[in-house]
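Below: one structure, written as structure tokens.
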Amino acid sequence: MPSSKRTSGCIPILVPPVPILVPHMSTEDSEILGYEIPAGTTLFVNVHAIHRDPALYERPLDFYPERFLGSEKDVHGFDFDLLPFGAGSRMCPGKGLGLAVVLYTVALFIQTCDLRLPENLKPEDLTDLIALRRNSLLQALVNPRIPKDLVMF
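Just so you know, the numbering used here puts 61 at position 61 of the sequence shown, and the rest follows in order with no gaps.
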């Protein structure tokens with residue numbers, strides 16, 4: 001289960017539910033990273049760019065759940081470099097449901113399916129198999145392991 005949670009936690013980082021969070025307005029003059037932000041400024045948080053920043057994440061465009069091993073970071077809005085659902089009182093109300101559905105789907109797929117390569121591909125051909133962008137279509141054979149009437153969707 002911990003491996004499934006790391007895997008399902010990686011998905012909203014690579015493909016956040018929304019690329020830019022709901023706009024916020026500053027209520028007072030502020031300074032962020034040396035930039036002056038006057039009161040009344042509308043602010044947009046670009047989650048898409050934050051999650052792809054190589055200064056924050058090793059191999060940011062790769063599906064790499066191991067990056068969270070030994071890390072306290074999570075998708076619950078307490079780490080400002082990991083915000084797929086926003087943070088604070090305006091966090092996405094569907095976060096819990098979304099994470100549960102992703103975890104359930106990943107676990108169900110792992111439990112009920114065998115994933116194989118077509119005969120024309122070898123594992124060494126898949127160096128960049130799981131990345132945000134691919135130049136070619138992913139080819140895989142998915143076969144059920146158990147009868148479909150035993151699986152509850």
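Don't be surprised by glycine CBs; every beta carbon is placed ideally from N, CA and C.
**Q.** 6 Å CB neighbourhood of Pro-23 in its chain, flanking five on each side removed
**A.** Short of 6 Å from the beta carbon of Pro-23, and not among the five residues preceding or following it, lie these beta carbons of its own chain, in chain order: Thr-42 and Phe-44.
Q.
Looking only at its chain, what residues have a beta carbon closer than 7 Å to the beta carbon of Cys-92, apart from the 5 residues adjacent to it on each side?
A. If we look at Cys-92 and ignore the five residues flanking it on each side, its Cβ neighbours are Pro-17, Phe-85 and Gly-86.
Q | Which listed residue (Arg-67, Lys-148 and Glu-36) has its alpha carbon closest to that of Leu-108 | A | Its Cα nearest to that of Leu-108, the residue Lys-148 stands out among Arg-67, Lys-148 and Glu-36.
Q: Kindly identify the DSSP beta-bridge partner or partners of Met-25.
A: Note: Met-25 sits in a beta bridge opposite Thr-42.
Q) When the Cα of Ile-20 is compared with those of His-48, Glu-36, Ile-37 and Thr-112, which residue comes out closest? A) The option with the nearest alpha carbon to Ile-20 is His-48.
Q) Measuring CB to CB, does Gly-115 end up less than 8 Å from Val-151? A) The residue asked about is misnamed: residue 115 is Leu in this sequence, not Gly. In this structure, the beta-carbon distance from Leu-115 to Val-151 does not fall below 8 Å.
(Q) Nearest by alpha-carbon distance to Lys-122: which of Thr-112, Ala-140, Val-106 and Gln-111 is it? (A) Measuring from the Cα of Lys-122, the nearest candidate turns out to be Ala-140.
Q) Just curious, the beta strand (DSSP E) that Tyr-57 is in, first and last residue? A) Neither: Tyr-57 is in no beta strand (DSSP E) and is coded neither H nor E.
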